[in-house]
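K.L.:
Protein chains in written order, with our numbering: chain S, 1 to 181; chain R, 182 to 388.
Ideal placement from N, C-alpha and C gives every residue a C-beta, glycine not left out.
All of these numbers come straight from a predicted model, not from anything done at the bench.
Here you go:
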């Protein structure tokens, strides 16, 4: 079994060896899709952004430092792509509503709750949302999240503190209104 | 609510899943896109674009806009020049009008109110009595939406332009005023852009 980082190095050594890179995509695609979805709240945008992340990674293989972790490097590219996504935000509402309609038809409590949590996440400022997603969902340490976000650990801690406070308030409001959470 | 409880709630919300085929296809789609992009990049290096930059797609709109602007300017210039040329009074025009006036004047002394030169030729406007000549004759050229007409007339007379009656007056600086129902034109001022008519005038008896 070849480690993903080795795979990336191999892809790099082979001057963009396509098979090695394709395997790297296969291994990281779910993680990058999840990250993009959590940050954008849109399946379609997550798909576009995940693709853009890997394409950028392939094009910038030369910039990948051998001592770095492939996943951290991919995280950083994905986070940058998603932060830039704000410019294309208008698509999100439409898609989110479509997903909401689809899920409403199924009418599962779990999916309703998941949707509400995602909606609460979407109410956070983008950078606070990114901090929550990277640390809570993807299990990155503050230092790793700071590298991916291109800021200091203190900034990550502060964003997490602010984001948690807001999310708690939002979830409480939902509980009061008798919704699923 | 503790942070750990919050984390649990957050983690309980899964990302909507996609069908297995999507995950099979995705890496291929990424690779296909990278191949497409690198092919395009290679093509740009090996076959550099030979068309001028203004024909490239990103500049095409600007080029069309610039072309239209230049065309508009040229058209405005040509129309303005053409209209100005129409309006200007030439020596031969003035000489012909003077000759015509003198012949008519010998036939109907002091009765000529106006001689109108239009597309159909000259028309006479005569008074019943010979009491017209209080001032020297004027040659007017008036251009409007229906074309240009020339007149030999006098200050204080009325002429008809495209069916509208207006009065011709000469001020103390020898500028000609045309006074219509709801408009005034003067040869002393450049006509407004939306003026109904444009007028130029010269004394008939001087070259």
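To the nearest angstrom, how far is the alpha carbon of residue 70 (chain S) from that of residue 119 (chain S)?
P.N.:
Within the first chain, the letter at position 70 stands for residue 70 (chain S). Within the first chain, the letter at position 119 stands for residue 119 (chain S). Distance between the alpha carbons of residue 70 (chain S) and residue 119 (chain S) is about 30 Å.
K.L.:
For the region 11-41 of chain S, list the alpha helix (DSSP H) runs that are entirely contained and at least 4 residues long, ordered along the chain.
P.N.:
You should have 18-40.
K.L.:
Show which residues of chain R have a CB atom less than 8 Å away from the CB atom of residue 128 (chain S).
P.N.:
Residue mapping note: residue 128 (chain S) aligns to position 128 of the first chain, counting from 1. Near residue 128 (chain S) there are no residues of chain R at all, since even the closest Cβ is about 13 Å away, more than 8 Å.
K.L.:
Does residue 106 (chain S) come out as helix, strand or coil in the three-state DSSP assignment?
P.N.:
Translated into the one-based positions of the first chain, residue 106 (chain S) becomes position 106. Per-residue confidence for residue 106 (chain S) stands at a pLDDT of 49, beneath the threshold of 50, marking its modelled position as unreliable; the derived number appears in the next sentence. Residue 106 (chain S) falls in the helix class under three-state DSSP.
K.L.:
How would you write the range of the beta strand (DSSP E) that residue 299 (chain R) sits in, first residue to last?
P.N.:
Locating residue 299 (chain R) in the second chain gives position 118, counting from the first residue. From DSSP, the beta strand (DSSP E) with residue 299 (chain R) extends over 293-299.
K.L.:
In chain order, what residues of the same chain lie with their CB nearer than 6 Å to the CB of residue 339 (chain R), ignoring the 5 residues before and after it?
P.N.:
On the second chain, residue 339 (chain R) is found 158 positions in, with the first residue counted as 1. Around residue 339 (chain R): 346, 348.
K.L.:
On a CA-only basis, which of R:243, R:195, R:225 is nearest residue 41 (chain S)? Give me that one, please.
P.N.:
Taking the first chain and counting its residues from 1, one reaches residue 41 (chain S) at position 41. Closest option to residue 41 (chain S), Cα to Cα, is R:195.
K.L.:
If I'm right that residue 319 (chain R) touches residue 382 (chain R) with Cβ under 8 Å, what's the distance once you round it to whole angstroms?
P.N.:
The residue given as residue 319 (chain R) occupies position 138 in the second chain. The residue given as residue 382 (chain R) occupies position 201 in the second chain. Contact holds; Cβ gap of about 6 Å.
K.L.:
Give the range of the beta strand (DSSP E) segment to which residue 320 (chain R) is assigned.
P.N.:
Here the question's residue 320 (chain R) lines up with position 139 in the second chain. Here the beta strand (DSSP E) through residue 320 (chain R) covers 319-325.
K.L.:
Using a Cβ cut-off of 9 Å, pull out every chain S residue sitting near residue 207 (chain R), in sequence order please.
P.N.:
For this step, residue 207 (chain R) is matched to residue 26 along the second chain. By Cβ distance, chain S contributes 25, 26, 29, 33, 47, 50, 51, 54.
K.L.:
Measure the C-alpha to C-alpha separation of residue 379 (chain R) and residue 325 (chain R) and round it to an integer number of angstroms.
P.N.:
Locating residue 379 (chain R) in the second chain gives position 198, counting from the first residue. Locating residue 325 (chain R) in the second chain gives position 144, counting from the first residue. Their backbone Cα atoms lie some 6 Å apart in a straight line.
K.L.:
Return helix, strand or coil for residue 165 (chain S), following the three-state DSSP convention.
P.N.:
Here residue 165 (chain S) corresponds to residue number 165 of the first chain, with the count starting at 1. Correct three-state label for residue 165 (chain S): helix.
K.L.:
Cα separation between residue 162 (chain S) and residue 151 (chain S)?
P.N.:
Locating residue 162 (chain S) in the first chain gives position 162, counting from the first residue. Locating residue 151 (chain S) in the first chain gives position 151, counting from the first residue. In a straight line, the C-alpha of residue 162 (chain S) is about 16 Å away from that of residue 151 (chain S).
K.L.:
Taking the Cβ atom as the reference point for each residue, do residue 32 (chain S) and residue 50 (chain S) lie within a distance shorter than 8 Å?
P.N.:
As a position in the first chain, residue 32 (chain S) is number 32, starting the count at 1. As a position in the first chain, residue 50 (chain S) is number 50, starting the count at 1. Closer than 8 Å, so yes.
K.L.:
Helix, strand or coil for residue 360 (chain R) per DSSP?
P.N.:
As a working note, residue 360 (chain R) is residue 179 in the second chain. It is a strand residue.
K.L.:
Quick one, are the C-beta atoms of residue 74 (chain S) and residue 126 (chain S) less than 8 Å apart?
P.N.:
Against the first chain, residue 74 (chain S) aligns to sequence position 74. Against the first chain, residue 126 (chain S) aligns to sequence position 126. For residue 74 (chain S) and residue 126 (chain S), no; Cβs fall outside 8 Å.
K.L.:
Alpha carbon to alpha carbon, how far is residue 63 (chain S) from residue 26 (chain S)?
P.N.:
Indexing the first chain from 1 puts residue 63 (chain S) at position 63. Indexing the first chain from 1 puts residue 26 (chain S) at position 26. Whole-angstrom Cα-Cα distance: 21 Å.
K.L.:
What's the C-alpha gap between residue 218 (chain R) and residue 192 (chain R)?
P.N.:
Counted from its first residue, the second chain places residue 218 (chain R) at position 37. Counted from its first residue, the second chain places residue 192 (chain R) at position 11. Whole-angstrom Cα-Cα distance: 37 Å.
K.L.:
If you measure from the beta carbon of residue 180 (chain S) to each beta carbon in chain R, is any gap under 8 Å?
P.N.:
The count along the first chain starts at 1 and reaches residue 180 (chain S) at position 180. Below a pLDDT of 50, predicted positions are generally treated as unreliable, and residue 180 (chain S), at 49, falls in that range; no measurement from the model is reported.
K.L.:
Determine whether the Cβ of residue 117 (chain S) lies closer than 8 Å to any Cβ atom of chain R.
P.N.:
Stepping through the first chain from its first residue, residue 117 (chain S) is reached at position 117. Closer than 8 Å: yes.
K.L.:
Flag this pair as yes or no: are the beta carbons of residue 160 (chain S) and residue 177 (chain S) separated by less than 8 Å?
P.N.:
Against the first chain, residue 160 (chain S) aligns to sequence position 160. Against the first chain, residue 177 (chain S) aligns to sequence position 177. No, the pair does not count as a contact, with Cβ atoms beyond the cut-off.
K.L.:
Roughly how many angstroms lie between the CA atoms of residue 242 (chain R) and residue 124 (chain S), to the nearest whole one?
P.N.:
Within the second chain, numbered from 1, the residue matching residue 242 (chain R) stands at position 61. Within the first chain, numbered from 1, the residue matching residue 124 (chain S) stands at position 124. Taking the straight line from one Cα to the other gives about 40 Å.
K.L.:
With a threshold of 8 Å on Cβ separation, who are the neighbours of residue 316 (chain R) within its own chain once the five nearest residues in sequence on each side are excluded?
P.N.:
For the purposes of this step, residue 316 (chain R) is taken as residue 135 along the second chain, with counting starting at 1. For residue 316 (chain R), where only same-chain residues beyond five positions count, the Cβ hits under 8 Å are 335, 336, 337, 351.
K.L.:
Given residue 138 (chain S), which residues of its chain have a CB within under 8 Å of its CB, disregarding the five upstream and five downstream residues?
P.N.:
Along the first chain, one-based indexing puts residue 138 (chain S) at 138. Contacts found: 31, 34, 35, 75.
K.L.:
Is residue 347 (chain R) helix, strand or coil when you go by DSSP?
P.N.:
Within the second chain, residue 347 (chain R) is the residue found at index 166, counting from 1. Strand.
K.L.:
By Cβ distance below 6 Å, which residues in the same chain neighbour residue 342 (chain R) in space, the five residues on each side in sequence not counted?
P.N.:
By 1-based counting over the second chain, the position of residue 342 (chain R) is 161. Counting only Cβ-Cβ distances below 6 Å, and skipping sequence neighbours, we find 323.
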